[in-house]
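This report refers to the structure that appears directly beneath it.
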């Protein structure tokens with residue numbers, strides 16, 4: 001076994017496109033690009049609420065939506081934007097007077113702000129191409145980048161995959177609530193079995209903003225317009241792509257032999273829910289915000305739909321922060337609780353990312369959906385040292401570290417590899433220490449919109465490791481409920497020292513797939 005030096009890694013931190021001969025650029029890794037909204041605050045907490053937009057969550061006392069709900073809202077002067085019938089939750093647009101009238105209705109439990117959630121953006125991102133194949137020990141010869149996937153070896157995936165047949169895994173579906181999935185990607189083409197998309201196009205985003213309608217469809221695979229005053233906001237103008245959902249789906253279930261990498265559960269199916277959309281709105285200060293986000297309502301609808309369809313696992317690498325002391329946040333908190341509990345009661349395991357703010361969530365501030373008791377909240381780990389043996393990168397024994405960006409707190413249930421920067425941090429960041437998986441080209445050039453591969457780091461990358469692990473456990477134990485799966489993953493995790501950071505320990509799918 002030999003340790004790779006920073007110099008050796010520099011040769012590996014290159015731009016990766018399947019079958020590309022494009023010369024690699026500098027090995028420097030830059031932080032992921034921030035959005036316009038980030039200039040005034042991350043899309044969470046108070047900054048996540050476009051107050052001028054005036055969108056509300058309405059929670060009914062009964063966990064059903066009354067048949068006359070739309071008429072009630074229209075009579076108050078508002079408009080229904082989403083209906084999660086089995087949760088007893090709707091979302092509406094309207095003035096504060098509309099919200100007050102609805103809150104006074106005898107059938108309504110609470111009314112409050114509808115939150116706009118951000119992607120948990122990767123803490124580090126490196127596009128890559130022209131990596132030398134490292135296929136020794138790979139499940140198939142085609143998986144020629146498997147050698148870079150130290151994360152799979154760290155959680156015991158090779159032993160688990162030898163134990164759980166692909167045809168058994170195929171009985172399980174992982175619902176990925178994200179930016180959409182590039183279902184033409186070679187690593188995912190045979191995995192995506194269901195799609196459901198959200199678009200806010202045509203919505204005036206509330207009576208306060210008739211001049212800035214929502215964008216057309218999200219990024220990822222869809223066209224969206226370059227907004228101009230007086231222009232049709234739903235006319236496609238230029239394509240834009242986002243790799244987040246594709247990378248998350250690949251980490252959970254990239255297939256054997258189809259592309260160049262492998263997921264935790266390569267035989268499982270993927271249900272791709274595009275809950276994020278590209279939006280423009282005017283915030284409370286009058287500033288025009290142009291960003292990608294997901295409102296509560298479409299996420300609630302997606303959770304209920306996935307549970308009703310019997311999908312066994314949901315992954316959500318998204319979130320925002322609310323203050324439990326703020327009354328306007330109570331309705332959203334109640335609705336989120338109902339959504340997660342609804343899924344859990346129907347046997348769906350709900351896995352969520354802890355967030356990338358390097359903060360402790362103990363106290364009055366709550367990260368949703370991560371802090372909800374029914375979910376499995378996942379923090380991120382990295383390794384301080386990688387070793388190279390027989391063409392495989394692996395984390396050196398005893399080298400686990402908390403990722404520099406990961407959130408922590410008593411609500412963390414498990415940890416999993418999310419990637420870190422390696423021994424040169426903070427002076428440098430070495431790509432192989434990040435998480436390699438499938439993606440879609442985001443930047444202008446030959447790979448734009450094409451199947452590619454990315455090194456990413458974030459709790460967004462940690463969560464789908466656990467989602468894939470849950471899929472393997474459900475495949476072997478279809479009679480188990482979601483609470484049993486959560487308990488088993490916690491029980492079989494590899495203990496690490498700090499409970500507040502690592503939860504019950506590091507995901508261990510080798511142990512989790514052994515006979516109970």
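Residue numbers (full-length UniProt numbering): 1 to 516.
Every residue gets a Cβ at the ideal spot worked out from N, C-alpha and C, and that includes glycine.
Q) Residues in its own chain within less than 7 Å of residue 372 by CB, not counting five upstream and five downstream? A) 336, 337 and 340
**Q.** DSSP-derived helix/strand/coil call for residue 334
**A.** Residue 334: helix per DSSP, three-state reduction.
Q: Give a yes or no on contact between the region 148 to 163 and the region 418 to 438, applying the rule of three or more CB pairs nearer than 8 Å.
A: yes
Q. Is residue 377 helix, strand or coil by DSSP?
A. Residue 377 falls in the strand class under three-state DSSP.
(Q) Suppose contacts are defined by Cβ-Cβ distances below 8 Å. Is residue 275 in contact with residue 294 by that definition? (A) yes
Q. Thinking C-alpha only, which one of 470, 448, 318 and 438 is nearest residue 311?
A. 470
Q) Exposed or buried, residue 71, counting other C-beta atoms within 10 Å across all chains shown (16 or more means buried)? A) exposed
Q: Can you give me the Cβ contacts of residue 359 inside the same chain, cut-off strictly under 7 Å, excluding the 5 residues immediately before and after it?
A: 407
**Q.** Option in 95, 463, 179 and 345 with minimal Cα separation from residue 277
**A.** 179
Q | Same chain, Cβ closer than 7 Å to residue 355, neighbours up to 5 away in sequence not counted | A | 120, 319, 367, 370, 407 and 459
**Q.** Pairwise C-alpha distance: residue 449 and residue 442
**A.** 6 Å
**Q.** Of the listed residues 476, 156, 90 and 497, nearest to residue 66 (C-alpha basis)
**A.** 90
(Q) Would you call the region 322 to 336 in contact with the region 376 to 389, where contact means no fewer than 3 C-beta pairs closer than 8 Å? (A) no
Q) In this structure, does DSSP put residue 497 in helix, strand or coil? A) coil
Q: Using alpha carbons as the reference points, say which of 343, 493 and 169 lies closest to residue 86.
A: 343
Q: Taking residue 174 as the reference, give the member of 457, 81 and 348 with the closest Cα.
A: 348
Q | Pairwise C-alpha distance: residue 88 and residue 313 | A | 22 Å
Q: Determine contact between the region 159 to 172 and the region 411 to 423, defined as no fewer than three beta-carbon pairs at a distance below 8 Å.
A: no
Q: Grab me the residues of residue 346's own chain with a C-beta within less than 7 Å of its C-beta, minus the 5 sequence neighbours each way, in chain order.
A: 307
Q) Where does residue 244 fall in DSSP's three states? A) helix
**Q.** Pairwise C-alpha distance: residue 447 and residue 198
**A.** Spanning the two alpha carbons is a distance of roughly 26 Å.
Q | Counted within 10 angstroms of its Cβ, other Cβ atoms place residue 101 as buried (16 or more) or exposed | A | When all chains shown are included, residue 101 counts as buried.
Q) So, is the C-beta of residue 368 closer than 8 Å to a C-beta in chain B? A) Protein chains in the displayed structure number just one, and chain B is not present.
Q: May I ask which residues mark the beginning and end of the beta strand (DSSP E) holding residue 275?
A: Element bounds for residue 275: n/a, residue is neither H nor E.
Q: Count the other CB atoms, across all protein chains shown, that sit within 10 Å of the CB of residue 507; report buried if there are 16 or more and exposed otherwise.
A: buried
Q) Of the residues 156, 417 and 62, which one's Cα is nearest the Cα of residue 514? A) 156
Q. Roughly how many whole angstroms lie between the Cα atoms of residue 265 and residue 60?
A. Rounded to the nearest whole angstrom, the CA to CA distance from residue 265 to residue 60 is 38 Å.
Q) Do the CB positions of residue 468 and residue 454 come within less than 8 Å of each other? A) no
Q. Tell me, which residues are paired with residue 56 by DSSP?
A. 92 and 113
Q.
Is it buried or exposed, residue 54, if we count other Cβ atoms within 10 angstroms and call 16 or more buried?
A. buried
Q. Looking at C-alpha atoms only, which residue of 106, 417 and 111 is the closest neighbour of residue 98?
A. 111
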